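J.: Below: one structure in structure tokens.
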Amino acid sequence: MNDAKSLLRWGWLFGCWFAVMPAQAEYGDVILNKYAELRGMRPVIFPHWFHRIRFRCKVCHNGKEDGYGFIMRAGSNDINMAKIVDGRYCGLCHNGEIAWSPENCDICHSGLPGLQPGIQRGHETKGPAK
Amino acid sequence: MGRLHAWIGILVLAALPWLGACSERQLARIAFDRAPPPSLPDPLREKLTERKPVDVSRQWLPLSRDGLHDPANPWLKFKQQPVEALSLLPPDPGVGNQVLWVDAIEDGYINPRTSFTEQDPDGMLVMDMDIMRVNTSIMPMVKFPHRAHTIWLDCDNCHRNNIIFKPQRYGTKINMFMVLNGEKCGQCHGAVSFPVTECYRCHSVKRTGIIR
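Line by line, the protein sequences are chains A and B.
If you count the first sequence from 1, position 51 lands on 55 in this note's numbering, and the numbers rise without skipping.
If you count the second sequence from 1, position 52 lands on 64 in this note's numbering, and the numbers rise without skipping.
As structure tokens, then:
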């Protein structure tokens, strides 16, 4: 009986805390919004955690030039849809073969309007994104 | 006759929600592979699915409440939630993604691809060599493990054109201002790998005597 009560109490506390938890991006999420909103689309949210379960860092950060790899600095990669459809940047995988193709716009362009581009929840970083 | 038609009508009506659910399931399949990564060996996959999905000591906000995603986006419900994947991985409560990413590979929880298309057995050049950095002022010395880094990264990521680290003894000047500015170690630590709030994870070796 006592156990059940304490469990209930903890459950309440836990639930309340969860309810008031402030909105917080997942560590390493990158917002891409250099062009998106200028051209009438929602910002793109790239979840690092999702991709690093499936690929090692070096797969995308492979040092290749010209959009066949990503520079390890938020804001350094000049990504637009033409390049993606052309098989560069996100299009390296999102081509309908390795991952779903870029015709499903809203899967990536899923951000709230007005988000500033950059990487989330890190400390201050230098570079073009800042 | 009329009664038969009525029955058929009822049956069709009853089947409608089920048909709807079917198409939704189809959509989910197209949108995302929700299962653990396909390269996982089978016994591990079983181990993962047996585990309890929610870990009390760690919490991840659902995507709809993370302040980035638009909750009205119809695709949101097909996306993998952080808790679905990250709660199955080795815990690191309160730090970054709350996952020990190196342990996740080393202990076989995940086996991320080493190339875009398939698992390449010689894909990673893992180097087991620690580097001691002794000029750390009042802080404990820094032991840099190459192994933990080379299971994720290629040599080129850091040593390319000597931009981040010159592969030479005393070849690279590093200080915490640089790291906090997102240079050197800070290029990843504080962005995707564990943040620089975890001082003693790098500054891990106590100075016991005079070191030349």
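Using N, Cα and C, we set each Cβ at its ideal position, and we do this for glycine too.
Quantities reported herein were computed from a predicted structural model and do not represent experimental measurements.
Quick check: what's the CA-CA separation for residue 84(B) versus residue 116(A)?
T.: Reading the second sequence from its first residue, position 72 is the one you call residue 84(B). Reading the first sequence from its first residue, position 112 is the one you call residue 116(A). Distance between the alpha carbons of residue 84(B) and residue 116(A) is about 9 Å.
J.: Any Cβ of chain B within less than 8 Å of the Cβ of residue 28(A)?
T.: Stepping through the first sequence from its first residue, residue 28(A) is reached at position 24. True, the Cβ-Cβ gap to chain B drops below 8 Å.
J.: I'd like to know whether the C-beta atoms of residue 75(A) and residue 66(A) end up nearer to each other than 8 Å.
T.: Within the first sequence, the letter at position 71 stands for residue 75(A). Within the first sequence, the letter at position 62 stands for residue 66(A). Not closer than 8 Å, so no.
J.: Going by DSSP in three states, residue 202(B) sits in which element: helix, strand or coil?
T.: The residue labelled residue 202(B) in the question sits at position 190 within the second sequence. If DSSP states are grouped into helix, strand and coil, residue 202(B) belongs with coil.
J.: List the whole-angstrom C-beta distance separating residue 34(A) from residue 55(A), where the pair is believed to meet the contact cut-off of C-beta under 8 Å.
T.: Locating residue 34(A) in the first sequence gives position 30, where the first residue counts as 1. Locating residue 55(A) in the first sequence gives position 51, where the first residue counts as 1. At roughly 10 Å, the Cβ-Cβ gap does not stay under 8 Å, so residue 34(A) and residue 55(A) are not in contact.
J.: Is there a C-beta anywhere in chain B that falls below 8 Å from the one on residue 121(A)?
T.: Looking up residue 121(A) in the first sequence gives position 117. It does not: the Cβ of residue 121(A) has no partner Cβ on chain B nearer than 8 Å.
J.: For the alpha helix (DSSP H) that residue 265(B) lies in, which residues bound it at each end?
T.: Outside the shown range of chain B (13 to 224) lies residue 265(B), about which nothing can therefore be said.
J.: Between residue 94(B) and the ligand NAD, is there a pair consisting of the residue's CB and a ligand heavy atom that are separated by less than 7 Å?
T.: In the structure on display, the ligand NAD does not appear, and there are no ligands present to speak of.
J.: Decide yes or no for the touch test of the stretch 113-122 of chain B against the stretch 170-185 of chain B: beta carbon pairs closer than 8 Å, at least 3 of them.
T.: Result no; under three Cβ-Cβ pairs closer than 8 Å.
J.: Relative to the C-alpha of residue 103(B), which residue among 117(B), 158(B), 112(B), 74(B) is closest?
T.: In the second sequence, the residue the question calls residue 103(B) occupies position 91. Closest option to residue 103(B), Cα to Cα, is 112(B).
J.: So is residue 114(A) in contact with chain B if we call contact Cβ pairs under 8 Å?
T.: Here residue 114(A) refers to the residue found at position 110 of the first sequence. So yes, residue 114(A) belongs to the interface.
J.: Is the distance from the Cβ of residue 60(A) to the Cβ of residue 164(B) below 8 Å?
T.: Reading the first sequence from its first residue, position 56 is the one you call residue 60(A). Reading the second sequence from its first residue, position 152 is the one you call residue 164(B). Result yes, Cβ atoms of residue 60(A) and residue 164(B) sit closer than 8 Å.
J.: Taking 8 Å as the CB-CB limit, is residue 88(B) close to chain A?
T.: Mapped onto the second sequence, residue 88(B) falls at position 76. At least one chain A Cβ lies under 8 Å of residue 88(B).
J.: How would you list, in chain order, the residues of chain A whose beta-carbon sits under 8 Å from the beta-carbon of residue 136(B)?
T.: In the second sequence, the residue the question calls residue 136(B) occupies position 124. What residue 136(B) touches in chain A: 60, 62.
J.: To the nearest whole angstrom, what separates the beta carbons of residue 88(B) and residue 49(A), a pair I think is in contact under 8 Å?
T.: The residue you call residue 88(B) lines up with position 76 of the second sequence. The residue you call residue 49(A) lines up with position 45 of the first sequence. At roughly 11 Å, the Cβ-Cβ gap does not stay under 8 Å, so residue 88(B) and residue 49(A) are not in contact.
J.: Look at residue 95(B) and residue 72(B) and say whether their C-beta atoms are less than 8 Å apart.
T.: What you label residue 95(B) is simply residue 83 of the second sequence in a count that begins at 1. What you label residue 72(B) is simply residue 60 of the second sequence in a count that begins at 1. Yes, the pair counts as a contact, with Cβ atoms nearer than the cut-off.
J.: Can you check the stretch 135-164 of chain B for any alpha helix (DSSP H) of at least 4 residues that lies completely inside it and give the ranges in chain order?
T.: With a minimum length of 4 residues, the continuous alpha helix (DSSP H) runs that stay inside the stretch 135-164 of chain B are 158-162.
J.: Do three or more CB pairs link the stretch 125-143 of chain B to the stretch 85-104 of chain A at distances below 8 Å?
T.: Yes, the stretch 125-143 of chain B is in contact with the stretch 85-104 of chain A.
J.: For chain B, is any of its Cβ atoms less than 8 Å away from the one on residue 50(A)?
T.: Taking the first sequence and counting its residues from 1, the one referred to as residue 50(A) is at position 46. No - not a single Cβ of chain B is within 8 Å of the one on residue 50(A).
J.: Relative to the C-alpha of residue 117(B), which candidate in 141(B), 75(B), 161(B) has its C-alpha closest?
T.: Position 105 of the second sequence, counted from the first residue, corresponds to residue 117(B). When each option's Cα is compared against that of residue 117(B), the closest is 161(B).
J.: Consult DSSP for residue 12(A) and reduce its assignment to one of helix, strand or coil.
T.: For this step, residue 12(A) is matched to residue 8 along the first sequence. Three-state result, residue 12(A): helix.
J.: Starting from the C-beta of residue 123(A), find all residues in its chain whose C-beta is less than 6 Å away, skip the five residues before and the five after it, and write them out in chain order.
T.: Position 119 of the first sequence holds residue 123(A). Taken in chain order, the residues that qualify are 34, 78.
J.: Determine the direct distance from the alpha carbon of residue 43(A) to that of residue 215(B), and round the result to whole angstroms.
T.: Within the second sequence, residue 215(B) is the residue found at index 203, counting from 1. Within the first sequence, residue 43(A) is the residue found at index 39, counting from 1. Going by the C-alpha atoms only, they are around 46 Å apart.
J.: Interface residues of chain A around residue 80(B) at Cβ under 9 Å?
T.: The residue labelled residue 80(B) in the question sits at position 68 within the second sequence. Neighbours of residue 80(B) on chain A, chain order: 27, 29, 30, 33, 35, 47, 49, 114, 115, 116, 119, 124.
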